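In this note's numbering, the protein residues as written are 8 to 88. Encoded as structure tokens, the structure appears first; notes follow it.
As structure tokens, this is what we get:
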């Protein structure tokens, strides 16, 4: 079972950071995030990242890290229940 089991609709937020210092954020299926992690550990050069916004083709050699979180980040004061 994935650590993201409590995520909404089976989707989680990821942040992909590149050597250049740029990054992209996306909401993806947990299975897609798992597949990205496997691709980064393997010999693949590219990965087709399917997101709600479309498909990104990532050069895995340029990826520095991927941040994965199951909760939305909220900026501001107070906590909504």
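By construction, the Cβ of each residue, glycine as well, lies at the ideal position given by its N, Cα and C atoms. Given the structure is predicted, the values throughout are model-derived calculations rather than measurements.
Return the first residue and the last residue of the beta strand (DSSP E) that residue i is part of.
i, result
"residue 57", "53-58"
"residue 65", "61-66"
"residue 76", "70-76"
Residue i and residue j look like a contact to me (Cβ under 8 Å); what is the Cβ gap, rounded to whole Å?
i, j, result
"residue 68", "residue 21", "Going by Cβ atoms, the distance from residue 68 to residue 21 rounds to 18 Å, so no, they are not a contact pair."
"residue 46", "residue 17", "So it is not a contact: roughly 20 Å between Cβ atoms."
Would you mind reading off the limits of the alpha helix (DSSP H) that contains residue i?
i, result
"residue 38", "37-48"
Please return the same chain residues whose Cβ sits closer than 7 Å to the Cβ of residue i, not counting the five positions on each side in sequence.
i, result
"residue 53", "64, 65, 66, 67"
"residue 59", "34"
"residue 43", "54, 56, 73"
Run the CB neighbour count on residue i, radius 10 Å, all protein chains shown included, and call it buried at 16 or more, exposed below.
i, result
"residue 23", "buried"
"residue 71", "exposed"
Near residue i, what residues of its chain come up, given a Cβ to Cβ distance below 8 Å and the 5 sequence neighbours on each side ignored?
i, result
"residue 40", "11, 19, 21, 73, 75"
"residue 27", "69"
Give me, in chain order, the residues of the same chain whose beta-carbon lies closer than 6 Å to that of residue i; leave out the 5 immediate sequence neighbours on both sides.
i, result
"residue 62", "55"
"residue 32", "22"
"residue 9", "Confidence is the limiting factor: at residue 9 the pLDDT is only 44, short of 50, which leaves the residue's position unreliable, though a coordinate-based value still follows. Here the set comprises 37."
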